[in-house]
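Undergrad:
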Amino acid sequence: MSRSVFSLVLFFAVSVFFFSCKKNDLITSRDASVYFSTDSLKFDTVFASVGSVTKSFKIFNNNNGRLKLDRVKLMGGNSSSFRTNINGAATYEMNDVELEANDSIYVFVTVTIDPNATQMPFIVSDSILVEYNSNSKYVQLEAFGKNARFLRGETLSQNTSFDNSLPYVILDGLRVDTGVSLTIPAGTELYFHANSPLIIDGSLNAAGTVTNPVLFTGDRLDEYYRDLPGSWPGIYFRGSSESNTLKFCHIINAYQGIVASGPSPTLPKINVEQCEIRNIYDAGLYLVATSANVSNTLIANCGSNLVIRQGGDHSFTHCTFASYSNFNVFRTEPVVSVYNYNDADGFRTTGDLNATFTNCIIWGEGGIADSEFVTGKDDNAGFSLTVNHSLYRAPAPPANATLISTISNSDPLFDSIDVFNNYYDFRIGSEFAPGKDAGAPTPLLKDLDDENRNVGAPDLGAYEKQ
213 MSRSVFSLVL
223 FFAVSVFFFS
233 CKKNDLITSR
243 DASVYFSTDS
253 LKFDTVFASV
263 GSVTKSFKIF
273 NNNNGRLKLD
283 RVKLMGGNSS
293 SFRTNINGAA
303 TYEMNDVELE
313 ANDSIYVFVT
323 VTIDPNATQM
333 PFIVSDSILV
343 EYNSNSKYVQ
353 LEAFGKNARF
363 LRGETLSQNT
373 SFDNSLPYVI
383 LDGLRVDTGV
393 SLTIPAGTEL
403 YFHANSPLII
413 DGSLNAAGTV
423 TNPVLFTGDR
433 LDEYYRDLPG
443 SWPGIYFRGS
453 SESNTLKFCH
463 IINAYQGIVA
473 SGPSPTLPKI
483 NVEQCEIRNI
493 YDAGLYLVAT
503 SANVSNTLIA
513 NCGSNLVIRQ
523 GGDHSFTHCT
533 FASYSNFNVF
543 RTEPVVSVYN
553 YNDADGFRTT
563 GDLNATFTNC
573 IIWGEGGIAD
583 SEFVTGKDDN
593 AGFSLTVNHS
603 LYRAPAPPAN
613 ATLISTISNS
623 DPLFDSIDVF
633 NNYYDFRIGS
643 EFAPGKDAGA
653 PTPLLKDLDD
663 ENRNVGAPDL
673 GAYEKQ
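Under our numbering, the first residue of the sequence shown is numbered 213, with each subsequent residue one higher.
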């Protein structure tokens, strides 16, 4: 090998060796830098004794050499409400963690909060210390805790009244037995786990107020799940159930909002007043061969808002049925469908239908249904449907319906529809809205906000423009 070639090879070999040594040298200077992907982890409301979602952050070594983390420690240690997994190990402290140049490790964090005596939400905090080269850095941890009563797979076999001092968390479902009543006062909050329906074989009386509604929703309160439909099954009024009233109730994020089936010795089987049913994956209100009186109620952003099957006796007054396809629900069904038959398991059952819609808004956008208001009639059963002073969206009037002073296909001009930011205000937003002063007089003197209505010429829908 010539001297020049040998010298060149030797130069590259020495360079590679020197570079490798530099990359593998352990940096000990205090000037070395360690970066965190975030300087704090904040957990949304966590019920006491129930674990949270898992959150994480990364620790980066952006230096050109190896760096040793002398200590990564959860400061509260074993007594902390928080639990950590550091670089793959479930521990609250890890020492002498070496990071290669431009490498990183994960730290995962969960929180389980111990119950206490307070009725108000409270804050639990801790921090994670990272020490290296005589430097100390912290990542702050914070969670909002909330005490609750927990009911697991219970059947109420005697008349029961809840109280609103603490929320209820329902695990494995809650059932009200036949002949038994459950009373829920204003301001009560009920949070249901994923597999936990509310089943009513007896009676339910949920009486909220405009300022203190009764809340039915899922038990996942962190940001991703906060607006996720299908988080819990819903409320089911079965065959033996009767004399049910829901007033100023919010039913949110369920798979189905309310399902009522079967006749009742007292009419209606369910009475729904000044309620909100929204963000429902399937049907907001599903009625099968039953009876319902629904007034001043918003049913919004559902797979389908109202489904009536196998007839029944139904009255809807000053209701807003409105849905917009969004990131959580892509609509494939009409907003409202009314049938005097039900096809299930290859069989058809029929029932006489008597239904009225008065001063209602039926509107949908972004779905694939041809019409937002559809009907189905089987001649083996009666079919009486009256649509009175209502606005609906459909390419043709609903078949077999009697229409009185209706408005079709005119944008209701809701106050605010922001699909991208998942914000909806279904109040009438303009003095020039087609539903403004377009209603027929009814005995309902208040709207969903408990504001006065224009008695002689009320607005259509659940809200009166103020």
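C-beta: ideal position from N, C-alpha, C; glycine also. Quick caveat, the model's predicted, so the values are computed rather than measured.
Determine contact between the stretch 516-525 and the stretch 551-559, defined as no fewer than three beta-carbon pairs at a distance below 8 Å.
TA: Contact between the stretch 516-525 and the stretch 551-559 is present, because at least three Cβ pairs lie under 8 Å.
Undergrad: Measure how close the beta-carbons of residue 360 and residue 260 come, nearest whole angstrom, since I'm counting them as under 8 Å.
TA: Between residue 260 and residue 360 the Cβ distance is about 6 Å, and since that is below 8 Å, they are a contact.
Undergrad: Quick check on the DSSP output: what are the complete beta strand (DSSP E) runs of length 3 or more inside the stretch 388-443, in order along the chain?
TA: Whole beta strand (DSSP E) segments, 3+ residues: 393-396, 401-404, 410-412, 415-419, 426-430.
Undergrad: If you compare alpha carbons, which of 496, 344, 290, 327 is closest to residue 244?
TA: Closest by alpha carbon: 344.
Undergrad: Reducing DSSP to helix, strand and coil, say where residue 290 ends up.
TA: DSSP places residue 290 in helix when its eight states are reduced to three.
Undergrad: Excluding sequence positions up to five away, which residues of its chain have a Cβ less than 6 Å from the Cβ of residue 661?
TA: So no residue of the chain qualifies.
Undergrad: Thinking just about the alpha-carbon of each residue, which of 272, 328, 385 is nearest to the one in residue 342?
TA: Ranking the options by Cα distance to residue 342, first place goes to 272.
Undergrad: Counting only beta-carbon atoms, is residue 398 nearer than 8 Å to chain D?
TA: The structure shown has no chain D; it contains just one protein chain.
Undergrad: State the DSSP-derived secondary structure class of residue 600, mapped to helix, strand or coil.
TA: Note: residue 600 maps to strand in three-state DSSP.
Undergrad: Suppose you measure from the CA of residue 672 to the CA of residue 379; what does that come to, to the nearest Å?
TA: So the alpha carbons of these two residues sit roughly 35 Å apart.
Undergrad: For residue 391, which residues in the same chain have their Cβ closer than 6 Å to its Cβ, ignoring the five residues on either side in sequence?
TA: Closer than 6 Å at Cβ, skipping near neighbours: 414.
Undergrad: Where does residue 626 fall in DSSP's three states?
TA: In the structure shown, residue 626 sits in a strand (DSSP, three-state: E or B).
Undergrad: State the Cα-Cα distance for the pair residue 624 and residue 510, rounded to the nearest angstrom.
TA: About 14 Å.
Undergrad: Distance check for residue 421 and residue 446, CA to CA, integer angstroms please.
TA: For residue 446 and residue 421, the distance between alpha carbons rounds to 21 Å.
Undergrad: Is the Cβ-Cβ distance between residue 508 and residue 659 less than 8 Å?
TA: Going by C-beta atoms, residue 508 is nearer than 8 Å to residue 659.
Undergrad: Within a Cβ cutoff of 7 Å, which residues of the same chain sit near residue 454, ignoring the five residues on either side of it in sequence?
TA: If we look at residue 454 and ignore the five residues flanking it on each side, its Cβ neighbours are 415, 476, 477, 478, 481.
Undergrad: Quick check on the DSSP output: the beta strand (DSSP E) that includes residue 306 runs from which residue to which?
TA: Run containing residue 306: 305-311, per the beta strand (DSSP E) assignment.
Undergrad: Indicate whether the contact test is met: 3 or more Cβ pairs, each with one atom in the stretch 361-369 and one in the stretch 276-283, closer than 8 Å.
TA: Touching, no.
Undergrad: What is the DSSP secondary structure of residue 240, reduced to helix, strand or coil?
TA: Residue 240 falls in the coil class under three-state DSSP.
Undergrad: Determine the DSSP secondary structure at residue 454, reduced to helix, strand or coil.
TA: Correct three-state label for residue 454: coil.
Undergrad: Might you give, ordered along the chain, the residues of its own chain that have their beta carbon closer than 6 Å to the beta carbon of residue 364, omitting 5 neighbours on each side?
TA: The answer, listed in chain order, is 383, 384.
Undergrad: Tell me, to the nearest whole angstrom, how far the beta carbon of residue 358 is from that of residue 333; I am working on the premise that it is less than 8 Å.
TA: Right, the Cβ-Cβ distance comes to about 5 Å (below 8 Å), so this counts as a contact.
Undergrad: Residue 338: which of 328, 291, 310, 287 sits nearest, CA to CA?
TA: Comparing Cα-Cα distances from residue 338 to each of 328, 291, 310, 287, the minimum goes to 287.
Undergrad: Does the separation of the CB atoms of residue 526 and residue 570 fall below 8 Å?
TA: For residue 526 and residue 570, no; Cβs fall outside 8 Å.
Undergrad: Under 8 Å between the Cβ atoms of residue 340 and residue 296?
TA: Closer than 8 Å, so yes.
Undergrad: Run the CB neighbour count on residue 233, radius 10 Å, all protein chains shown included, and call it buried at 16 or more, exposed below.
TA: Caution applies to residue 233, whose pLDDT of 44 falls short of 50 and renders its modelled position unreliable; the value that the coordinates give is listed next. Exposed, by the Cβ-count rule.
Undergrad: I need the DSSP call for residue 661, collapsed to helix, strand or coil.
TA: In this structure, residue 661 counts as coil in the three-state DSSP scheme.
Undergrad: Look at the alpha carbon of residue 607 and the alpha carbon of residue 264, and state the distance between them as a whole number of angstroms.
TA: Roughly 48 Å between the two C-alpha positions.
Undergrad: Assuming residue 470 and residue 497 are in contact, meaning their beta carbons sit under 8 Å apart, how far apart are those beta carbons, in whole angstroms?
TA: That pair is a contact at about 5 Å.
Undergrad: Kindly indicate which three-state DSSP category residue 479 falls into: helix, strand or coil?
TA: The answer is coil: DSSP assigns residue 479 none of H, G, I, E or B.
Undergrad: How is residue 544 classed by DSSP in three states: helix, strand or coil?
TA: Coil, per DSSP.
Undergrad: Go ahead and label residue 517 buried or exposed: buried means 16 or more other beta carbons lie within 10 angstroms of its beta carbon, across all protein chains shown.
TA: The residue is buried, with at least 16 neighbouring Cβ atoms inside 10 Å.
Undergrad: Between the Cα of residue 540 and the Cα atoms of 595, 573, 631, which residue gives the shortest distance?
TA: Comparing Cα positions, the closest option is 631.
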